[in-house]
Amino acid sequence: MVLQQMMTTTQVARLFGAETPEEIRTRQGYLAQLRFRGQGPRFVKHGRMILYPQSAVAEWLEEGETNCTRSVA
Numbered sequence: 009m010v011l012q013q014m015m016t017t018t019q020v021a022r023l024f025g026a027e028t029p030e031e032i033r034t035r036q037g038y039l040a041q042l043r044f045r046g047q048g049p050r051f052v053k054h055g056r057m058i059l060y061p062q063s064a065v066a067e068w069l070e071e072g073e074t075n076c077t078r079s080v081a
């Protein structure tokens with residue numbers, strides 16, 4: 009069994025450029041909304057701690073890549 013590198017919500021928030029505690033909290037709230045809707049990266053819940061496998065975050069970010077801003081219907 010290979011253990012994956014895990015990221016905390018703070019580390020994921022920093023990927024989006026959050027630097028101040030207020031920005032980090034805002035992005036952590038956004039991640040919580042995505043988890044609730046089932047739209048964010050896969051995660052593991054250990055007690056109250058939320059951890060994201062690094063590979064799941066990378067896959068989620070790649071899924072969001074696009075070449076234009078127009079939505080595809």
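Using my numbering, you'd call the opening residue of the sequence shown number 9 and step up by one each time.
For glycine and all other residues, C-beta sits at the position ideal for the given N, C-alpha and C.
The structure displayed is predicted, hence computed values, not measured ones.
- Look at P49 here: in three-state DSSP terms it is coil, with no helix or strand label.
- In terms of Cβ geometry, F51 and A64 form a close pair [threshold 9 angstroms].
- Contact annotation, T17 with L42: C-beta distance approximately 11 angstroms; criterion of less than 8 angstroms not satisfied.
- Only residues of its own chain outside the window of five on either side were considered, and among them A21, F24 and A26 have a CB closer than 7 angstroms to the CB of R35, listed in chain order.
- For T18, the three-state secondary structure derived from DSSP is helix.
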